[in-house]
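Peer 1:
Protein chains in written order, with the numbering used here: chain A, 1 to 270; chain B, 271 to 651.
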């Protein structure tokens with residue numbers, strides 16, 4: 001019996017991985033398909049990658065998405081870190097539970113609701129104060145910041161709560177003012193978590209279709225929106241090529257973020 | 271255990287009524303959540319060059335008091351003065367005080383050298399000056415070869431040295447040590463005790479140490495304060511506190527003590543006779559303060575001050591008869607638990623002079639125990 005167990009375990013493992021990754025592998029394989037029909041194999045080719053690079057619409061959308069993602073990630077890291085600091089360092093304030101719940105709420109809130117409520121807010125604001133005028137890149141960025149901040153806060157918070165509180169006290173005791181303690185002691189120690197949070201925020205924003213569709217306006221079409229609309233017209237193998245590139249970039253980012261966090265937790269344990 | 275040698279001339283300023291205290295704590299109180307008195311109206315005078323210990327069980331408020339001195343906790347009430355200057359409301363980064371933390375709190379992203387230099391950098395000293403001071407400090411704690419290492423590449427003992435060097439680098443007027451030896455293993459702890467005292471003598475800084483280990487406090491301190499429930503119960507030199515505990519708690523907390531409850535039967539000059547419930551004979555003790563007849567008192571007797579007698583003494587006082595119930599063989603000494611006829615258990619400590627595994631007695635032996643009039647102390651019940 002015991003001799004068979006590894007066999008069954010490996011089978012289960014193989015099925016698990018297949019379930020998760022077979023679709024992606026298929027997509028990558030078909031991105032090198034020479035045929036115009038997505039589901040018919042016509043030999044190996046990289047022609048769709050070439051055509052992709054000549055597609056102005058997709059390139060413009062990619063550039064917009066990257067700018068939104070970068071700006072979103074940067075703001076989310078600042079706000080998320082502040083929220084995490086508040087939650088970890090000021091352990092006792094009266095509305096702490098409420099604050100913690102509200103920071104984490106976007107993690108579980110349906111994206112449709114987030115998108116709709118953001119849209120309603122932008123429209124109301126425009127009517128009341130005239131800003132933001134119309135919808136576009138700014139509104140998408142703001143909407144993304146509101147939900148990625150929650151993810152950054154969770155990542156940074158778990159890092160901060162592992163930190164020995166007497167480190168800050170020791171730095172203050174040695175003559176550093178609170179602001180300097182934060183810059184010289186806290187920030188360097190949690191920096192891997194900040195980088196991981198930034199990468200996470202960037203990826204989330206790059207991937208988002210639902211919220212962006214709600215708060216976008218004319219002329220501001222992000223990459224996921226382009227892909228989605230082009231697929232509705234009938235799938236072009238260019239989309240496969242584009243998706244392959246995105247998968248490679250995103251998984252590289254995730255691996256780097258994971259590696260940074262792992263290395264740091266090993267550091268703090270030893 | 272041998273005591274580290276101290277220069278007697280520079281010490282004992284606490285006995286000089288005109289001496290100016292270096293640190294004065296006046297009625298310091300810390301209340302948490304409006305109800306818990308962590309530190310309750312503590313007043314203390316500590317003199318220059320002292321190695322002072324705050325001794326108590328965990329939760330007695332000793333660490334909170336230390337953190338109040340460092341400025342990491344605000345005083346709810348009371349004042350803290352260093353050389354007559356009120357520092358009660360100064361933030362930690364403006365106090366001439368440094369602290370060595372129990373966890374050492376070394377900055378994990380900095381090398382040993384950068385850790386030690388951190389405090390000096392805040393003073394904006396020149397590069398050259400910082401380097402010389404860091405080298406001096408690392409030499410002081412014998413860590414010269416380790417300046418480029420990160421804290422996670424050091425052993426526990428080495429981290430402890432770096433933490434000490436870092437806290438001394440700014441040449442504080444007062445160094446606070448929170449359980450400095452708590453994380454070391456026993457053998458290392460004993461050698462480090464002496465080293466710490468030697469370093470303190472060399473730099474001449476006033477040290478205040480928090481510890482729960484009474485042996486550590488006795489070995490290292492010039493004076494110590496025993497704390498319980500936020501209050502100071504007794505302050506004195508290690509021998510004063512050991513030989514003349516002021517109350518039951520101190521007698522039992524520092525070393526072991528046999529306690530006999532009784533009432534004052536008669537007094538004669540500085541001798542007081544006490545009738546006890548469990549002992550067959552009266553107890554006669556030296557006691558300087560006059561006591562009224564009938565006052566309930568407790569007599570505390572250290573286990574090593576009780577002798578084994580061959581027969582009851584001629585004068586029918588200061589002895590007890592009992593049966594050996596338990597034997598604890600510790601190598602150098604043996605501890606006997608003797609059950610008396612009155613139902614008490616008396617601890618006796620006997621030095622094992624001959625080479626025998628059980629000492630002079632075995633289980634169920636009937637023994638007579640005796641002591642002298644100056645072996646114990648009379649405490650208020």
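Heads up, the beta-carbon is just placed ideally off N, CA and C, and yes, glycines get one too.
Measure the alpha-carbon distance for residue 157 (chain A) versus residue 95 (chain A) and round it to whole angstroms.
Peer 2: Spanning the two alpha carbons is a distance of roughly 17 Å.
Peer 1: For the 8 Å Cβ check, are there 3 or more pairs between the segment 350-363 of chain B and the segment 397-406 of chain B?
Peer 2: no
Peer 1: Taking the beta strand (DSSP E) that residue 315 (chain B) belongs to, which residues open and close that run?
Peer 2: 306-316
Peer 1: According to DSSP, which residues form a beta bridge with residue 479 (chain B)?
Peer 2: B:323, B:447
Peer 1: Does the beta-carbon of residue 255 (chain A) have 16 or more other beta-carbons within 10 angstroms, so that it is buried, or is it exposed?
Peer 2: Per the 10 Å Cβ criterion, exposed.
Peer 1: Measure the C-alpha to C-alpha separation of residue 410 (chain B) and residue 375 (chain B) and round it to an integer number of angstroms.
Peer 2: 20 Å
Peer 1: Nearest-angstrom Cα distance between residue 650 (chain B) and residue 566 (chain B)?
Peer 2: A direct Cα-Cα distance of roughly 7 Å separates residue 650 (chain B) from residue 566 (chain B).
Peer 1: So that I know if they touch, is there some Cβ in chain B lying closer than 8 Å to that of residue 137 (chain A)?
Peer 2: no
Peer 1: Just curious, the beta strand (DSSP E) that residue 604 (chain B) is in, first and last residue?
Peer 2: 603-610
Peer 1: With a threshold of 16 other CB atoms inside 10 Å of the CB of residue 292 (chain B), please say whether the residue is buried or exposed.
Peer 2: buried
Peer 1: With a cut-off of 8 Å, do at least 3 Cβ pairs link the segment 462-476 of chain B to the segment 504-513 of chain B?
Peer 2: No, the segment 462-476 of chain B is not in contact with the segment 504-513 of chain B.
Peer 1: Which of helix, strand or coil does DSSP assign to residue 208 (chain A)?
Peer 2: coil
Peer 1: Here's the rule: buried if 16 or more other CB atoms are within 10 angstroms of the residue's CB, otherwise exposed. What is residue 448 (chain B)?
Peer 2: Residue 448 (chain B) is buried by the Cβ-count criterion.
Peer 1: Counting only Cβ pairs nearer than 7 Å, list the residues of chain B close to residue 170 (chain A).
Peer 2: 371, 375
Peer 1: List in chain order: all unbroken beta strand (DSSP E) runs of 3+ residues lying wholly within the segment 478-536 of chain B.
Peer 2: 493-498, 501-506
Peer 1: Anything in chain B within Cβ reach of residue 177 (chain A), meaning under 7 Å, just list it in chain order.
Peer 2: 363
Peer 1: Note down the Cα distance separating residue 262 (chain A) from residue 163 (chain A), rounded to an integer number of angstroms.
Peer 2: 15 Å
Peer 1: Taking C-beta to C-beta, are residue 211 (chain A) and residue 130 (chain A) nearer than 8 Å?
Peer 2: no
Peer 1: Name the residues in the segment 331-355 of chain B whose C-beta lies less than 7 Å from a C-beta of chain A; which are they?
Peer 2: Taking 7 Å as the Cβ-Cβ cut-off against chain A, the residues of the segment 331-355 of chain B that qualify are 340, 342.
Peer 1: If we count Cβ pairs, one from each stretch, closer than 8 Å, do we get three or more for the segment 131-150 of chain A versus the segment 175-191 of chain A?
Peer 2: no
Peer 1: So residue 110 (chain A) is in the beta strand (DSSP E); what residue range does that whole segment cover?
Peer 2: Here residue 110 (chain A) belongs to no beta strand (DSSP E), and DSSP marks it neither H nor E.
Peer 1: Residue range of the alpha helix (DSSP H) that residue 228 (chain A) falls in?
Peer 2: 223-232
Peer 1: For the segment 385-401 of chain B, list every residue whose C-beta sits within 8 Å of some C-beta in chain A, in sequence order.
Peer 2: 388, 389, 392, 393
Peer 1: Measuring CB atoms only, is the segment 363-378 of chain B touching the segment 411-418 of chain B, in the sense that at least three cross pairs come out at less than 8 Å?
Peer 2: no
Peer 1: Measuring only the C-alpha atoms, how far is residue 51 (chain A) from residue 249 (chain A)?
Peer 2: 19 Å
Peer 1: Measure from the C-beta of residue 270 (chain A) to each C-beta in chain B and report whether the shortest distance is under 8 Å.
Peer 2: Residue confidence for residue 270 (chain A) is low, a pLDDT of 43 falling below 50, so the modelled location carries little weight; the figure read from the coordinates is stated next. Judged by the 8 Å Cβ criterion, residue 270 (chain A) is in contact with chain B.
Peer 1: Is there contact here, the segment 225-234 of chain A with the segment 50-68 of chain A, by at least three beta-carbon pairs under 8 Å?
Peer 2: yes
Peer 1: Select from the segment 151-166 of chain A all residues with a C-beta closer than 7 Å to any C-beta belonging to chain B, and list them in chain order.
Peer 2: Interface annotation for the segment 151-166 of chain A against chain B: 164, 166, criterion Cβ-Cβ distance under 7 Å.
Peer 1: What does a CB cutoff of less than 6 Å around residue 284 (chain B) pick up in its chain, not counting 5 residues either side in sequence?
Peer 2: 317
Peer 1: Mind checking which residues open and close the beta strand (DSSP E) that includes residue 337 (chain B)?
Peer 2: Run containing residue 337 (chain B): none in the beta strand (DSSP E); it sits in the alpha helix (DSSP H), 332-340.
Peer 1: In the segment 74-150 of chain A, which residue ranges form an unbroken beta strand (DSSP E) of at least 3 residues, counting only runs that do not cross its ends?
Peer 2: Runs found: none.
Peer 1: By Cβ distance below 6 Å, which residues in the same chain neighbour residue 168 (chain A) in space, the five residues on each side in sequence not counted?
Peer 2: 181
Peer 1: Could you tell me whether the segment 189-209 of chain A touches the segment 70-85 of chain A, where touching means 3 or more Cβ pairs closer than 8 Å?
Peer 2: yes
Peer 1: Contact check, residue 569 (chain B) vs residue 605 (chain B) under 8 Å by CB: the rounded distance?
Peer 2: With a Cβ gap of about 20 Å, residue 569 (chain B) and residue 605 (chain B) do not count as contacting.
Peer 1: I think residue 433 (chain B) touches residue 407 (chain B), with their Cβ atoms under 8 Å apart; what is that distance to the nearest whole Å?
Peer 2: No, residue 433 (chain B) and residue 407 (chain B) are not in contact; Cβ-Cβ is about 11 Å, not under 8 Å.
Peer 1: My assumption, with CB atoms under 8 Å, is that residue 241 (chain A) sits in contact with residue 41 (chain A). Please give the rounded CB distance.
Peer 2: No, residue 241 (chain A) and residue 41 (chain A) are not in contact; Cβ-Cβ is about 15 Å, not under 8 Å.
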